[in-house]
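A.B. asks:
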Amino acid sequence: MEEHGMDGRILGYDPSDPQSILEYAERLEGHTLREMTDAKKIADSKRRKGSFGNAMEEYYFDYAPNSSSEPDFAQAGVELKTTPMKHVRKNDLVAKERLVISMIDYMDVVNETFETSHFMEKARDILLVTYLWEKDADPLDYEVIMADLWTIPEEDLPQIKRDWETVVNKVRAGHAEDISGSDTMYLEACTKAATSENRRKQPCSDVPAKPRAWAFKASYMTAIEQGLLDRKTGAGTSLARKGQDINLLGLVRERFEPYFGRTEEELAQHFGISKSLNRCARITKRILGVDENSKIEEFEKANIKPKTMRIKRNGRLKESVSFPYFDYRKLEMTDFEDSDFHDELLQKYLFVIYREDEREDGVYRLADVMFWQMPDKDLDEAKRCYDQMRQNVREGHAEISVKSTENRCCHVRPHGQNGKDTRPQPHGRPVVKKCFWLNAGYLSDEIAKALF
DNA sequence: GCATGATCATGC
DNA sequence: GCATGATCATGC
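Whatever position you read off the first sequence (first residue = 1), add 16 for the working numbering.
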């Protein structure tokens with residue numbers, strides 16, 4: 017069979033056969049587009065978002081990029097998605113960004129069911145081409161990591177369906193303007209052109225809403241991609257048995273409920289955990305029923321980190337919550353959106369909540385669990401804190417912190433071994449190691465809002 | 001050896 | 001009682 021591309025050349029694959037498309041795509045693994053095509057430079061000379069994907073369609077698969085609602089390989093019913101991974105500390109590869117599937121049409125989506133939705137149509141058969149992103153590199157020189165035919169794993173469908181319904185139900189309730197990426201676990205409704213004044217109509221309200229698209233969260237993509245990468249090893253522990261409906265919070269709560277009301281000491285004794293600083297973190301893992309060192313698959317996919325929260329009798333958190341320390345020189349050079357702090361704030365957390373006993377001072381009892389992620393609106397406040405600290409560093413005053421009284425959500429405080437544990441700053445003498453903290457008062461309010 | 005979760009100590 | 005500087009200590 018001969019198939020012809022844009023300029024009449026013979027295609028290297030059969031566009032009606034998914035297997036043939038996959039095999040052709042797999043030849044890219046370990047190579048770059050510059051090596052595998054005759055492309056000399058990217059057509060849109062500015063490296064815009066999507067230029068790798070466009071170049072791949074045009075120069076490797078030999079078809080004109082389109083944005084129609086037809087699948088990219090229409091005859092095979094396969095959608096081509098290219099997605100970047102990046103290196104992070106200790107040689108880990110993570111998804112660089114979310115994978116956007118399709119725009120959400122607020123007017124139509126309210127009449128859809130998940131199973132027959134436009135989203136599922138687009139997400140059902142994906143040719144996923146993963147490449148290694150490198151700062152300042154020409155997209156033609158990105159190395160292709162792997163090519164796979166991918167569909168949503170069966171065990172993830174219940175959570176993704178729940179995510180889809182969470183979003184659609186907000187539209188049905190006439191609150192499309194209140195949708196937030198933090199509403200959901202794996203699938204999110206992310207904003208498109210959020211900075212512009214662009215707004216769309218919604219069917220059940222006159223309030224205009226930001227345009228949004230269905231996307232798999234970056235944390236979910238990381239789990240998917242790592243799973244594809246070490247498919248052979250098949251490591252990992254799953255909280256849910258196959259075929260069992262997954263409701264993460266329900267599942268987690270079910271595990272914790274028998275222990276509500278018990279004190280830290282009782283729990284430590286029950287699980288045979290010695291007196292140690294991270295005693296509560298270890299109790300959490302034991303209650304979740306997983307080996308202390310193993311990762312919990314669902315938590316990885318949803319990028320959920322357990323955190324212990326101790327609430328004093330007066331309703332306030334005993335302590336603020338710290339993040340890893342930051343590098344003053346890196347802080348000066350890095351915008352908030354590209355910072356580690358920003359990544360940390362996009363995490364979803366499992367708060368394991370202990371409350372102080374009504375009578376006995378200093379005795380804390382396991383009281384509740386909840387998921388938490390910083391709401392989008394508070395990210396702006398966190399950015400203010402970041403920018404203010406950045407400004408201090410610019411002016412050679414890394415020793416000046418952002419106080420918790422100056423910012424509603426977070427502050428800056430020392431976090432080193434001792435006063436001698438310093439880090440260089442770009443302009444001036446080294447300063448004691450510091451990190452960002454979430455304000456105890458802010459978190460107290462967030463917890464109270466969620467639980468009462 | 002160091003990063004990080006956790007906690008202490010001081011002063012207002 | 002809280003804000004904030006400072007330090008401890010486990011585990012990787």
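Built from N, CA and C at the ideal position, the CB exists for glycine as well.
Can you name the start and end residues of the beta strand (DSSP E) that ARG326 belongs to?
C.D. replies: 320-327
A.B. asks: Does the distance between the C-beta of GLU360 and the nearest non-hydrogen atom of the ligand HEM fall short of 7 Å?
C.D. replies: With respect to the ligand HEM, the structure shown offers nothing to examine, as it has no ligands at all.
A.B. asks: Could you name the residues of the same chain whose beta carbon sits closer than 6 Å to that of ARG43, not counting the 5 residues immediately before and after it, in chain order?
C.D. replies: Scanning its chain for C-beta atoms nearer than 6 Å, with the 5 sequence neighbours on each side dropped, one finds no residue around ARG43.
A.B. asks: How would you call ASP78, buried or exposed, if buried means at least 16 neighbouring beta carbons within 10 angstroms?
C.D. replies: buried
A.B. asks: For GLY66, count neighbouring Cβ atoms within 10 angstroms of its own Cβ and tell me buried if that reaches 16, exposed if not.
C.D. replies: Burial call: exposed.
A.B. asks: Can you tell me whether GLY46 is buried or exposed, with buried defined as 16 or more other CB within 10 angstroms of its CB?
C.D. replies: exposed
A.B. asks: Alpha carbons only, please: which of LEU156, TYR236, ASN423 and THR438 is nearest the one belonging to LEU454?
C.D. replies: ASN423
A.B. asks: In whole angstroms, what is the alpha-carbon distance linking GLU181 and ALA139?
C.D. replies: 16 Å
A.B. asks: Mind checking whether PHE68 and PRO155 have CB atoms under 8 Å apart?
C.D. replies: yes
A.B. asks: Cα-Cα, which of VAL104, LYS301 and LEU459 is closest to MET325?
C.D. replies: LEU459
A.B. asks: Who are the Cβ neighbours of ILE320 in its own chain at under 6 Å, not counting the five residues just before and after it?
C.D. replies: LYS364 and LEU366
A.B. asks: Quick one: is ARG406 buried, meaning 16 or more other Cβ sit within 10 Å of its Cβ, or exposed?
C.D. replies: buried
A.B. asks: With DSSP as the reference, label TYR147 as helix, strand or coil.
C.D. replies: strand
A.B. asks: Report the CB separation of CYS451 from SER338 in whole angstroms; it is logged as a contact under 8 Å.
C.D. replies: 5 Å
A.B. asks: Mind pulling the alpha helix (DSSP H) runs of 4 or more residues that sit fully within the segment 179-227?
C.D. replies: none
A.B. asks: Starting from the Cα of ALA464, find the closest Cα among LEU165, PHE387 and GLU397 and give me that residue.
C.D. replies: PHE387
A.B. asks: Have a look at THR99, LEU361 and ASP121 and flag the residue whose alpha-carbon is nearest the alpha-carbon of LEU148.
C.D. replies: THR99
A.B. asks: For THR167, name the three-state secondary structure that DSSP assigns.
C.D. replies: Coil.
A.B. asks: Does ALA209 pass the burial test, meaning 16 or more other C-beta atoms within 10 Å, or should it be called exposed?
C.D. replies: Burial call: exposed.
A.B. asks: At a cut of 8 Å, does the segment 160-171 reach the segment 128-146 through at least three beta carbon pairs?
C.D. replies: The segment 160-171, when compared against the segment 128-146, does touch it at the 8 Å Cβ threshold.
A.B. asks: Within its chain, find whatever has a CB closer than 8 Å to the CB of TYR370; leave out the 5 residues flanking it on each side and keep chain order.
C.D. replies: GLU280, CYS296, THR324, MET325, ARG326, ILE327, TYR380, ARG381, LEU382 and ALA383
A.B. asks: Between the C-alpha atoms of ASP124 and LEU173, what's the straight-line distance to the nearest angstrom?
C.D. replies: Each residue's Cα considered, the two are about 22 Å apart.
A.B. asks: Identify which residue in TYR344, GLU241 and TYR202 has its Cα closest to the Cα of LEU264.
C.D. replies: Of TYR344, GLU241 and TYR202, the residue nearest in Cα terms is TYR202.
A.B. asks: Less than 8 Å between the C-beta atoms of GLU51 and THR146, yes or no?
C.D. replies: no
A.B. asks: Residues in the same chain with beta-carbon distance under 8 Å from GLU484, minus the five sequence neighbours each way, listed in chain order, please.
C.D. replies: A question about residue 484 goes unanswered here, because the residues of the chain that appear run from 17 up to 468.
A.B. asks: Starting from the Cα of THR200, find the closest Cα among ILE303, ARG188 and VAL184 and give me that residue.
C.D. replies: Of the candidates ILE303, ARG188 and VAL184, the one whose C-alpha sits nearest the C-alpha of THR200 is VAL184.
A.B. asks: Hey, how far is the Cα of LEU395 from the Cα of ASP194?
C.D. replies: 15 Å
A.B. asks: Which parts of the segment 89-125 are runs of the beta strand (DSSP E), unbroken and 3 residues or longer, counting only runs that do not cross its ends?
C.D. replies: 95-104, 108-111 and 115-119
A.B. asks: Is the Cβ-Cβ distance between VAL94 and VAL187 less than 8 Å?
C.D. replies: no
A.B. asks: Quick check: what's the CA-CA separation for LYS112 versus SER118?
C.D. replies: 19 Å
A.B. asks: Can you give me the Cβ contacts of ARG53 inside the same chain, cut-off strictly under 7 Å, excluding the 5 residues immediately before and after it?
C.D. replies: In the sequence on display, residue 53 carries Thr and not Arg. Same-chain partners within the cutoff: TYR75 and TYR76.
A.B. asks: Using 8 Å for Cβ pairs, my map puts PHE130 next to LYS177. What's the rounded Cβ distance?
C.D. replies: 5 Å
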